[in-house]
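Residue numbers (this note's numbering): 526 to 1185.
This is the structure we're talking about:
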């Protein structure tokens, strides 16, 4: 029942988007179409102009009434009396192929259009869209502009605005030549009007294209930043969609400024348009949750082959294009229909999803309908103002996807903020619980070690009483007593280790600002007698400048005493131990170096681990001294490490952050 409800909702949105798109396309077809615009039409090859024709800034596309002279580049004075022409309407023929038995789209032609006017001179402008691939324009036998060179063929594409004075009968002549592209000369109709209306037409198209282009580039950069930080595939795909749309919608900008690399431009335009369709499908599929569907995977493979086809087409010599025109049209039309159908399929396939966004359904359907309108309107529609319908549909898709991405980002940010707030509370609670548990464990260990010392001491006392009480014991009993004494000593060592561990881990007071030179001097003086008693030279080398660090004086002193005790244990009589300090970057380096036997390489990385000791097993503390020392140093934000000296012996280094 729930799925049916969602399906009905999404179907209603589908119909609504279809209705919106139908209204939009119908309005464009009848009111923004050069072929259906209510404007004066040419009769018998001549357009009658009156003084009131442009009173309301009327724009007149020059569609019908053209005379075309195939494969002839005629000067205006050569046209009179030449009857080898055909009458055409612009848009009926897209290539020169229909004029040649070989079917080649290459060639040249002369286009002639007549204006009839009987009133006062009238200042007009003519807007000339792209003409493939070079042309010269004559108005009343005067050469007014050229794009490239149609005679000594030099290709060049550019939108042009030409001002002229309409006075009496006027003849407009275009000499057109194409040796580059598979489109022929004048496939888009020029437009005449007042200078103000033509300037508005050109600037509005330019500004709208620039707005769409640069806003899409900005959106691409923003999405790229999201992708770099979050590494979500959707961000990468949407960024690619924004980039491809920006490149595609920028082609009017290239035409306004002019370009002579025509094949490269149209290869990039076709590639960007194809990439835009692929990315639109990919984003739609991901938002609909059908990315991994076999159908989508197959479509992606087909898209890859189509991209290769576009690249290969750009590499084919122009003279051989005639052999591929039919394949080219079939491939492009099939691909257009396939992408439109695939976008429809994604939305309909996911129609039962409750979470399917409304904007996604509307925008995707309108974009797919725009592709269909582009297919069915080929040769029947050309906008007189602004952009093509597919451009608007792609822009709408970009806007809707941007809103969806923004909503998704806000949702994730809200969830992250909510999780962070609760995470801080949870971490604080767990930390408090762990600290309480740790303190309880430490105190328990301290109590247990303290309680075990009393019975162990009693056992030792009784053992000494038996040993020195002149009791007559046989050898077997004596051996049993030795085992008891051995195990008792072992137990005593373990209890001592346990007590040391618990005492070491108990919390300490607040940190203090310690003066390095004074602190080390106290440590040096307190350990000097031990070194003298063992016949070892003990040297102190203070820092050359005042240094300070934060720490616990008692614990830090125990760390250094442990290091000095280790040095005394492994340095022979007559050896030397050096206690020193110096500044190293933003830290103070405190060293304890000796001239002893050094540390075996196999143990150098493990001597700070709990339970690792280089002394004999009879010692009371089993590898806890260095373990506690490193923990203490790390609690202060520093590091403790050891290394063997090239001159012999070992050096223990304490690196602590300096404080002001």
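Cβ coordinates follow ideal geometry from the N, Cα and C atoms, glycine included. Treat the numbers as computed from the prediction; the structure is a model and nothing was measured.
Exercise. Roughly how many angstroms separate the alpha carbons of residue 871 and residue 751, rounded to a whole number?
Worked result: Reading the chain shown from its first residue, position 346 is the one you call residue 871. Reading the chain shown from its first residue, position 226 is the one you call residue 751. Near 25 Å, if we compare the C-alpha coordinates of residue 751 and residue 871.
Problem set entry | residue 780 versus residue 682: straight-line alpha-carbon distance, rounded | In the chain shown, residue 780 corresponds to position 255, counting from 1. In the chain shown, residue 682 corresponds to position 157, counting from 1. Near 6 Å, if we compare the C-alpha coordinates of residue 682 and residue 780.
For this session: Could you confirm whether any beta carbon from chain D is found closer than 7 Å to the beta carbon of residue 677?
Result: Absent here is chain D; the protein component of the structure consists of one chain.
Exercise. In this structure, does DSSP put residue 712 in helix, strand or coil?
Worked result: As a position in the chain shown, residue 712 is number 187, starting the count at 1. In the structure shown, residue 712 sits in coil (DSSP, three-state: anything other than H, G, I, E or B).
For this session: Look up residue 1056 in the DSSP assignment and say whether it is helix, strand or coil.
Result: Translated into positions along the chain shown, residue 1056 becomes position 531. It is helical.
For this session: Decide if residue 1145 is buried, meaning its Cβ has at least 16 other Cβ atoms within 10 Å, or exposed.
Result: Numbered from 1 along the chain shown, position 620 holds the residue referred to as residue 1145. Its pLDDT being 46, under 50, residue 1145 is placed unreliably in this model, and the coordinates cannot settle the point.
Problem set entry | Residues sharing a beta bridge with residue 1119, DSSP | The residue labelled residue 1119 in the question sits at position 594 within the chain shown. Looking at the DSSP assignment, residue 1119 forms a beta bridge with 1102.
For this session: Can you tell me which of 639, 660, 664 and 1161 puts its alpha carbon nearest to the alpha carbon of residue 1035?
Result: Counting from one through the chain shown, the residue named residue 1035 turns up at place 510. When only C-alpha atoms are compared, the closest one is 1161.
Exercise. The beta strand (DSSP E) with residue 1175 in it runs from where to where?
Worked result: Position 650 of the chain shown holds residue 1175. Per DSSP, residue 1175 belongs to the beta strand (DSSP E) from 1175-1182.
For this session: To the nearest angstrom, report how far apart residue 891 and residue 543 are at their CA atoms.
Result: Numbered from 1 along the chain shown, position 366 holds the residue referred to as residue 891. Numbered from 1 along the chain shown, position 18 holds the residue referred to as residue 543. Answer to the nearest angstrom: the Cα atoms are 7 Å apart.
Exercise. Nearest to residue 698 by alpha carbon, out of 637, 1166 and 687?
Worked result: As a working mapping, residue 698 is identified with position 173 in the chain shown. Taking only the C-alpha atoms, the option nearest residue 698 is 637.
For this session: Could you pull the start and end residues of the alpha helix (DSSP H) that residue 1084 belongs to?
Result: As a working note, residue 1084 is residue 559 in the chain shown. Here the alpha helix (DSSP H) through residue 1084 covers 1078-1095.
Exercise. Under three-state DSSP, which class holds residue 900?
Worked result: For this step, residue 900 is matched to residue 375 along the chain shown. Here residue 900 sits in helix by DSSP.
For this session: Can you tell me which of the three DSSP states residue 634 falls into?
Result: Sequence index remark: in the chain shown, residue 634 carries index 109 (1-based). Reduced to three states, the DSSP call for residue 634 is strand.
Exercise. What do you get for residue 887, buried or exposed, if any count of 16 or more other CB atoms within 10 angstroms of its CB means buried?
Worked result: By one-based count along the chain shown, residue 887 stands at place 362. Buried is the call here.
Exercise. Which stretch, first to last residue, makes up the alpha helix (DSSP H) that contains residue 826?
Worked result: Here residue 826 is taken as the residue at index 301 of the chain shown, counted from 1. Residues 819-840.
Problem set entry | Straight-line Cα distance separating residue 867 from residue 666 | As a first step, residue 666 must be located in the chain shown, where it is residue number 141. As a first step, residue 867 must be located in the chain shown, where it is residue number 342. Roughly 53 Å separates the two Cα atoms.
Problem set entry | residue 1032 versus residue 1038: straight-line alpha-carbon distance, rounded | Sequence index remark: in the chain shown, residue 1032 carries index 507 (1-based). Sequence index remark: in the chain shown, residue 1038 carries index 513 (1-based). At residue 1032, the pLDDT of 47 sits below 50, so the modelled position is not reliable and the matter cannot be decided from this model.
Exercise. Over what stretch of residues does the beta strand (DSSP E) that includes residue 1127 continue unbroken?
Worked result: What you label residue 1127 is simply residue 602 of the chain shown in a count that begins at 1. Run containing residue 1127: none; DSSP gives neither H nor E here.
Problem set entry | Span of the alpha helix (DSSP H) around residue 578 | By 1-based counting over the chain shown, the position of residue 578 is 53. It is not in any alpha helix (DSSP H) - residue 578 carries neither H nor E in the DSSP assignment.
For this session: Identify which residue in 645, 686 and 589 has its Cα closest to the Cα of residue 662.
Result: As a first step, residue 662 must be located in the chain shown, where it is residue number 137. Taking only the C-alpha atoms, the option nearest residue 662 is 686.
Problem set entry | Identified DSSP bridge partners for residue 1037 | For this step, residue 1037 is matched to residue 512 along the chain shown. 1076, per the DSSP bridge assignment.
Exercise. Is residue 1170 helix, strand or coil when you go by DSSP?
Worked result: Numbered from 1 along the chain shown, position 645 holds the residue referred to as residue 1170. If DSSP states are grouped into helix, strand and coil, residue 1170 belongs with coil.
Exercise. Roughly how many angstroms lie between the CA atoms of residue 746 and residue 537, to the nearest whole one?
Worked result: As a position in the chain shown, residue 746 is number 221, starting the count at 1. As a position in the chain shown, residue 537 is number 12, starting the count at 1. Computed Cα separation, rounded: 35 Å.
Exercise. Nearest-angstrom Cα distance between residue 797 and residue 770?
Worked result: Within the chain shown, residue 797 is the residue found at index 272, counting from 1. Within the chain shown, residue 770 is the residue found at index 245, counting from 1. Each residue's Cα considered, the two are about 7 Å apart.
Problem set entry | Cα-Cα separation between residue 1177 and residue 1062, rounded to whole angstroms | Taking the chain shown and counting its residues from 1, one reaches residue 1177 at position 652. Taking the chain shown and counting its residues from 1, one reaches residue 1062 at position 537. Distance between the alpha carbons of residue 1177 and residue 1062 is about 17 Å.
Problem set entry | residue 803 versus 789, 1084, 903 and 828, residue with shortest Cα-Cα distance | In the chain shown, the residue the question calls residue 803 occupies position 278. Closest by alpha carbon: 828.
Problem set entry | Cut-off 6 Å between Cβ atoms - residues of its own chain near residue 765, not counting five sequence neighbours on either side | As a position in the chain shown, residue 765 is number 240, starting the count at 1. Counting only Cβ-Cβ distances below 6 Å, and skipping sequence neighbours, we find 804.
For this session: Following the continuous beta strand (DSSP E) through residue 1225, name the residue where it begins and the one where it ends.
Result: Residue coverage of the chain in this structure runs from 526 to 1185, which leaves residue 1225 outside it and unanswerable.
Exercise. Assuming residue 722 and residue 910 make a contact with CB atoms under 8 Å, what is their CB distance in whole Å?
Worked result: Position 197 of the chain shown holds residue 722. Position 385 of the chain shown holds residue 910. With 8 Å as the limit, residue 722 and residue 910 do not qualify as a contact, their Cβ atoms being about 10 Å apart.
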